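Chemist: Here the protein sequences come in this chain order: A and B.
Mind the numbering: the first sequence is residues 554 to 981 in the numbering used here, read in order.
Mind the numbering: the second sequence is residues 4 to 293 in the numbering used here, read in order.
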Amino acid sequence: MTPRRRPGSTDRRTFLKTAGAVAGTAVAAGFPAVLRAQAPTVKIGTLHCVTGPLAEPGQACRVGAQMAADAINAAGGIKSMGGARIELLLGDTQTKAEVARAEAERLVNAGAQLLMGTFNSGDTAAVVPVAQQRRVPFLVDISAADPITANVAKSVRDGQQKVQYVYRNFPTGTLFGQRAVQYFTEIFKEAGVSPKRVVVMHANDLFGQNQARGFQAAHKAANPSWEIVEVISWPEPPSDLSTEVSRAKAAKPDVIAPITRPASAQLLLPEIAKQRLDIMGIVGPGSPGLYEAGQIAALKENLEYVMASNPWPNFKNARTRQVAEEYAKRSGGKTFDTNSGYSYDGMFVLADTLERAKSTDPDTVVDALKKTRFTGGLMVYGGPIVFNEIGDNPNAIPAMIQILGQKPVVVWPKDVAAEKFVFPRPKR
Amino acid sequence: MDLTLVGQGLLSGFLFGGVYSLMAVGLTLIFGVMRVVNFAHGDMMVWGMYLAWLLSARAGIDPYVGFLACAAALFLFGLLIQRGLVERIVDAPHEMQILLMLGVALVLENAALVAFGPDPARVRSPLSQATVWIGPIFVDVARLVTFGLAMALTAALWLFLARTDLGRSMRAAADNPYGARVIGTDVRKVYAAAFGVGAACVGAAGALVSPILPFQPTSGLGLSVTSFNIVIIGGMGSLPGAFVGGILVSVAESMGAVFLSPSMKELVSFGLLIAILLFRPAGLFGKTAG
Numbered sequence: 554m555t556p557r558r559r560p561g562s563t564d565r566r567t568f569l570k571t572a573g574a575v576a577g578t579a580v581a582a583g584f585p586a587v588l589r590a591q592a593p594t595v596k597i598g599t600l601h602c603v604t605g606p607l608a609e610p611g612q613a614c615r616v617g618a619q620m621a622a623d624a625i626n627a628a629g630g631i632k633s634m635g636g637a638r639i640e641l642l643l644g645d646t647q648t649k650a651e652v653a654r655a656e657a658e659r660l661v662n663a664g665a666q667l668l669m670g671t672f673n674s675g676d677t678a679a680v681v682p683v684a685q686q687r688r689v690p691f692l693v694d695i696s697a698a699d700p701i702t703a704n705v706a707k708s709v710r711d712g713q714q715k716v717q718y719v720y721r722n723f724p725t726g727t728l729f730g731q732r733a734v735q736y737f738t739e740i741f742k743e744a745g746v747s748p749k750r751v752v753v754m755h756a757n758d759l760f761g762q763n764q765a766r767g768f769q770a771a772h773k774a775a776n777p778s779w780e781i782v783e784v785i786s787w788p789e790p791p792s793d794l795s796t797e798v799s800r801a802k803a804a805k806p807d808v809i810a811p812i813t814r815p816a817s818a819q820l821l822l823p824e825i826a827k828q829r830l831d832i833m834g835i836v837g838p839g840s841p842g843l844y845e846a847g848q849i850a851a852l853k854e855n856l857e858y859v860m861a862s863n864p865w866p867n868f869k870n871a872r873t874r875q876v877a878e879e880y881a882k883r884s885g886g887k888t889f890d891t892n893s894g895y896s897y898d899g900m901f902v903l904a905d906t907l908e909r910a911k912s913t914d915p916d917t918v919v920d921a922l923k924k925t926r927f928t929g930g931l932m933v934y935g936g937p938i939v940f941n942e943i944g945d946n947p948n949a950i951p952a953m954i955q956i957l958g959q960k961p962v963v964v965w966p967k968d969v970a971a972e973k974f975v976f977p978r979p980k981r
Numbered sequence: 004m005d006l007t008l009v010g011q012g013l014l015s016g017f018l019f020g021g022v023y024s025l026m027a028v029g030l031t032l033i034f035g036v037m038r039v040v041n042f043a044h045g046d047m048m049v050w051g052m053y054l055a056w057l058l059s060a061r062a063g064i065d066p067y068v069g070f071l072a073c074a075a076a077l078f079l080f081g082l083l084i085q086r087g088l089v090e091r092i093v094d095a096p097h098e099m100q101i102l103l104m105l106g107v108a109l110v111l112e113n114a115a116l117v118a119f120g121p122d123p124a125r126v127r128s129p130l131s132q133a134t135v136w137i138g139p140i141f142v143d144v145a146r147l148v149t150f151g152l153a154m155a156l157t158a159a160l161w162l163f164l165a166r167t168d169l170g171r172s173m174r175a176a177a178d179n180p181y182g183a184r185v186i187g188t189d190v191r192k193v194y195a196a197a198f199g200v201g202a203a204c205v206g207a208a209g210a211l212v213s214p215i216l217p218f219q220p221t222s223g224l225g226l227s228v229t230s231f232n233i234v235i236i237g238g239m240g241s242l243p244g245a246f247v248g249g250i251l252v253s254v255a256e257s258m259g260a261v262f263l264s265p266s267m268k269e270l271v272s273f274g275l276l277i278a279i280l281l282f283r284p285a286g287l288f289g290k291t292a293g
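(1) Residues of chain A with a CB under 8 Å from the CB of V135 (chain B): which are they?
(2) Going along the chain, which residues of its own chain have a beta-carbon closer than 6 Å to the beta-carbon of K887 (chain A), five neighbours each way excluded?
(3) Does the region 119-129 of chain B come into contact with the region 212-228 of chain B, if we say contact requires no fewer than three beta-carbon pairs (one atom in each stretch) closer than 8 Å?
(4) Indicate whether I954 (chain A) and A826 (chain A) have their beta-carbon atoms separated by less than 8 Å.
(5) Which residues in the same chain as F19 (chain B) place their Cβ atom closer than 7 Å to its Cβ, once the five residues preceding and following it in sequence are excluded?
(6) Here's the rule: buried if 16 or more other CB atoms are within 10 angstroms of the residue's CB, otherwise exposed. What is D711 (chain A)?
(7) Are the C-beta of K827 (chain A) and some C-beta of chain B separated by less than 8 Å?
(8) Does G16 (chain B) come out as helix, strand or coil in the three-state DSSP assignment?
(9) Using the rule of at least 16 other Cβ atoms within 10 Å of the residue's Cβ for burial, across every protein chain shown, is G293 (chain B) buried or exposed?
(10) Quick check: the region 748-760 of chain A against the region 802-814 of chain A, are at least 3 beta-carbon pairs closer than 8 Å?
(11) Return the CA-CA distance between G274 (chain B) and S795 (chain A), expressed in angstroms with no decimal places.
(12) Are the C-beta atoms of E90 (chain B) and some chain A residue less than 8 Å apart?
(13) Near A698 (chain A), what residues of its chain come up, given a Cβ to Cβ distance below 7 Å and the 5 sequence neighbours on each side ignored?
(14) Measure the CB-CB distance between T149 (chain B) and I215 (chain B) and report whether it falls below 8 Å.
(15) Does the separation of the CB atoms of T671 (chain A) and C602 (chain A) fall below 8 Å?
(16) What is the DSSP secondary structure of G930 (chain A), reduced to helix, strand or coil?
(17) Does the region 626-641 of chain A come into contact with the region 683-700 of chain A, if we say contact requires no fewer than three beta-carbon pairs (one atom in each stretch) closer than 8 Å?
(18) Is the Cβ-Cβ distance between L25 (chain B) and A207 (chain B) less than 8 Å?
(19) Which residue marks the beginning of the alpha helix (DSSP H) containing V190 (chain B), and which one marks its end?
(20) Just the Cα atoms here: how many angstroms apart are D905 (chain A) and A613 (chain A)?
(21) Once the 5 residues before and after D982 (chain A) are set aside, which same chain residues still bring their CB inside 8 Å of it?
(22) Measuring alpha carbon to alpha carbon, tell me which residue in B:V22, B:V9 and B:G187 is nearest G151 (chain B).
(23) Closest to S59 (chain B) by C-alpha separation, out of B:A124, B:G35 and B:D189, would be which residue?
(24) Contact criterion: CB-CB distance below 8 Å. Does D988 (chain A) meet it with respect to chain B?
(25) For the alpha helix (DSSP H) containing G837 (chain A), name the first residue and the last one.
(26) So with Cβ pairs under 8 Å, would you call D890 (chain A) a contact of chain B?
(27) Closest to W50 (chain B) by CA distance: which of B:L164, B:K268, B:P180 and B:V107 is it?
(28) Tell me which residues of the region 794-809 of chain A have at least one Cβ-Cβ distance to chain B shorter than 7 Å, keeping chain order.
(29) Opposite F670 (chain A) in the DSSP bridges: which residues?
(30) Measuring only between beta-carbons, confirm whether W965 (chain A) sits less than 8 Å from chain B.
(31) Thinking C-alpha only, which one of A:V616, A:E640 and A:K805 is nearest E626 (chain A)?
(32) For P937 (chain A), I'd like the list of residues in its chain whose CB is within less than 7 Å of its CB, leaving aside the five on either flank, ordered along the chain.
(33) Is the Cβ-Cβ distance between V716 (chain A) and Q666 (chain A) less than 8 Å?
(34) Quick check on this structure: which residue in A:R659, A:Y934 and A:F889 has the alpha carbon closest to the alpha carbon of V616 (chain A)?
(35) Give me the DSSP bridge partner(s) of V751 (chain A).
(36) Near G611 (chain A), what residues of its chain come up, given a Cβ to Cβ distance below 6 Å and the 5 sequence neighbours on each side ignored?
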């Protein structure tokens with residue numbers, strides 16, 4: 554029954570409708586204010602190979618990233634963004650490129666405003682197109698293959714892409730090669746010996762090939778007194794390296810220069826010992842597999858005196874030592890190393906960038922990233938963390954590590970060395 | 004060409020062939036008797052490796068002794084899988100078999116991941132580093148022992164199939180399942196035994212290989228692919244085929260590494276596969292159609 558309406562008055566239904574509309578608008582308008590009262594978060598997609606053949610270093614990276622995010626949040630978050638907290642969205646590449654790509658997409662769909670990862674060059678290269686297409690700034694914490702940044706830089710220069718979203722705080726294969734050749738020559742000179750024949754043995758994946766190429770190119774450019782007489786590679790992970798080592802032996806090497814992964818190192822080093830190669834030492838131009846806690850536990854005396862030119866934490870820095878202690882507690886006794894360290898520094902670089910950008914808008918973040926001049930890194934650097942026109946950090950440098958007393962120590966360059974190197978290695 | 008290198012390559016390849024043969028024997032047995040392609044082969048082998056690792060790390064039992072326990076454990080596992088799962092799809096189209104066994108492979112791989120973690124593991128045996136030198140050529144003692152044990156196990160399997168009643172029933176069921184049923188063979192029991200024995204071989208292979216190869220839960224796929232390669236080359240269902248195929252593939256890979264380049268090893272073994280499929284598709288010892 555239609556109620557009679559006196560002019561100027563409202564009936565119950567109309568009153569309820571109007572009141573409801575007003576209330577709804579107030580809530581809708583007020584709601585963001587309610588949210589604003591809580592601290593905002595910045596979501597950083599953190600993608601590493603925590604399972605698969607490269608699981609050990611991948612897990613170290615993830616723990617390093619988590620520790621750094623916790624430290625940043627405990628110190629008040631991103632102060633210029635109202636104390637925004639860093640929230641990590643974790644992803645696992647399973648050490649497979651196609652999974653890496655899918656995971657990167659998933660993280661971006663879940664709201665990741667920045668990406669960091671992945672340790673494995675092959676997986677990182679698969680994530681680059683996602684970062685570029687979805688316009689998500691991607692900081693490569695660890696991956697050496699040059700094309701990762703170089704290809705993007707080139708396509709921006711050629712006008713095919715507008716903005717470069719991929720930046721790397723880690724030495725490139727080229728830089729690894731240059732430093733390795735330099736360290737080899739310096740160490741041989743300091744030791745007072747002149748080995749002539751070096752045999753390079755490397756894993757055949759994207760990283761290994763790139764490293765080997767970088768080392769050979771640097772050798773050609775520097776033209777030192779030692780020669781690379783043979784280059785032997787294997788499909789990674791290998792099931793048997795006896796023929797490869799026999800071949801190396803036939804080349805009569807003075808030094809073996811391995812570029813390995815954890816699985817291949819576990820096969821290569823015992824095989825070199827078994828076949829009784831008469832060499833001055835094993836000196837790697839830079840690769841995993843030759844310093845990790847799990848590798849030392851598995852290889853024991855086969856890893857003693859092995860050298861590798863790898864990026865390493867600067868233990869002369871008191872803060873590094875503190876973080877290393879905390880890492881040992883959180884990881885069940887593992888050593889703070891290349892992988893945990895660079896992921897830790899990577900997270901701090903992103904926080905510093907956000908402080909200066911004051912926003913998560915991709916192009917603003919990229920502008921801030923390009924202007925980075927960060928001196929708070931824990932690793933051995935040749936200067937502040939900066940990014941060049943290709944997107945790489947030319948100050949990210951390796952140091953020569955040697956396993957002495959079943960522990961990895963920095964032995965070269967002299968100014969960051971903790972102990973004197975042992976070369977040639979003692980005869981068994 | 005450095006003759007020492009060639010000689011060493013031949014010897015290493017031949018001895019490692021024993022390992023390959025042992026891997027392939029279990030696979031070919033299951034296919035030969037039941038016409039089931041065991042896609043979980045590699046992952047079962049990885050479990051054999053992890054069991055050997057447990058025995059070595061927790062109980063101090065050397066894998067060259069412990070492999071019997073691994074074989075027994077996987078035999079039981081094989082029986083369970085057969086009775087519980089495979090039995091239902093023995094007469095089903097091949098697609099269903101493939102899906103089922105791939106499913107089993109996935110479960111095994113991830114169970115290993117949960118149980119043992121993703122890091123590469125290795126069994127340390129006093130034999131792992133031992134070598135015997137004949138002039139400039141060395142013999143890897145671990146591989147020599149594995150080769151010997153692989154030969155012994157294959158011979159034992161051969162005797163079992165030729166001389167025992169259960170073995171003969173298996174061969175009968177393989178040749179003609181319907182006929183076997185007609186003469187009163189309990190085909191279910193035969194199939195269960197075949198799967199169990201095949202699994203036991205794989206378990207033994209895993210244990211014997213564990214000091215030689217570093218392994219992870221994800222190693223299963225690579226091992227499956229290699230085993231399939233060997234079995235197709237040797238002839239599916241043929242025991243001598245698996246044995247000869249294993250040695251052939253290993254020597255071919257070794258020679259490829261010596262004469263071409265070590266990174267082209269797999270090119271040689273897969274090239275061999277293609278050649279066999281082109282010229283003798285049933286495999287070297289396989290029964291040709293018709």
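No residue lacks a Cβ here, since even glycine has one placed at the ideal position from N, Cα and C.
The structure presented is a predicted model; accordingly, all values stated were derived computationally and were not measured.
Modeler: Looking at the atomic coordinates:
(1) Chain A residues near V135 (chain B): none, gap ~11 Å exceeds 8 Å.
(2) Excluding sequence neighbours, K887 (chain A) sits near A846.
(3) With the rule of 3 Cβ pairs closer than 8 Å, the region 119-129 of chain B counts as touching the region 212-228 of chain B.
(4) For the pair I954 (chain A) and A826 (chain A), the CB atoms are not nearer than the 8 Å cut-off.
(5) The beta carbon of F19 (chain B) sits closer than 7 Å to the beta carbons of R146 and S253 from its chain, once the five residues preceding and following it are set aside; these are given in chain order.
(6) Exposed, because fewer than 16 other Cβ atoms sit within 10 Å of the Cβ of D711 (chain A).
(7) Yes, because at least one Cβ of chain B sits closer than 8 Å to the Cβ of K827 (chain A).
(8) In this structure, G16 (chain B) counts as helix in the three-state DSSP scheme.
(9) Reliability of the predicted coordinates at G293 (chain B) is poor, the pLDDT of 37 falling under 50, and the value obtained from them is presented with this limitation in mind. With a 10 Å radius around the Cβ and a threshold of 16 neighbouring Cβ atoms, G293 (chain B) comes out exposed.
(10) Contact holds: three or more Cβ-Cβ distances are below 8 Å.
(11) Roughly 21 Å between the two C-alpha positions.
(12) For E90 (chain B), the nearest beta carbon of chain A is not closer than 8 Å to its own beta carbon.
(13) The answer, listed in chain order, is S674, A678, G726, L759, F760 and N763.
(14) Between T149 (chain B) and I215 (chain B), the gap from beta carbon to beta carbon is short of 8 Å.
(15) With respect to C602 (chain A), T671 (chain A) sits close: the two C-beta atoms are nearer than 8 Å.
(16) Coil.
(17) No: the two stretches stay apart, fewer than three of their Cβ pairs being nearer than 8 Å.
(18) Yes, the Cβ-Cβ distance between L25 (chain B) and A207 (chain B) is below 8 Å.
(19) For V190 (chain B), the enclosing alpha helix (DSSP H) has its first and last residue at V190 to V212.
(20) Rounded to whole angstroms, D905 (chain A) and A613 (chain A) show a C-alpha spacing of 22 Å.
(21) Since the first residue of chain A shown is 554 and the last is 981, residue 982 (chain A) is not available in this structure.
(22) By alpha-carbon distance to G151 (chain B), the top candidate from B:V22, B:V9 and B:G187 is B:V22.
(23) Nearest C-alpha to S59 (chain B) among B:A124, B:G35 and B:D189: B:A124.
(24) There is no way to answer for residue 988 (chain A), as the model of chain A reaches only from 554 to 981.
(25) Looking at the DSSP string, G837 (chain A) is not in any alpha helix (DSSP H); the run it does join, the beta strand (DSSP E), is G834 to G837.
(26) No, its Cβ sits nowhere closer than 8 Å to a Cβ of chain B.
(27) For the residues B:L164, B:K268, B:P180 and B:V107, the minimum Cα distance to W50 (chain B) belongs to B:V107.
(28) Taking 7 Å as the Cβ-Cβ cut-off against chain B, the residues of the region 794-809 of chain A that qualify are S795, T796, E797, S799, R800 and A803.
(29) One detail in the question is off: residue 670 (chain A) reads as Gly in this sequence, not Phe. According to DSSP, G670 (chain A) bridges with A:L600 and A:V693.
(30) Not flagged as an interface residue toward chain B: W965 (chain A), since no C-beta distance is shorter than 8 Å.
(31) The residue you asked about is not Glu; residue 626 (chain A) is Asn in the sequence shown. Per the Cα distances, A:E640.
(32) Excluding positions up to five away in sequence, the list reads R926, F927, T928 and N948.
(33) For V716 (chain A) and Q666 (chain A), no; Cβs fall outside 8 Å.
(34) Answer by Cα proximity: A:F889.
(35) Under the DSSP definition of a beta bridge, V751 (chain A) partners with A:I781 and A:V808.
(36) For G611 (chain A), where only same-chain residues beyond five positions count, the Cβ hits under 6 Å are H601, C602, V603 and F672.
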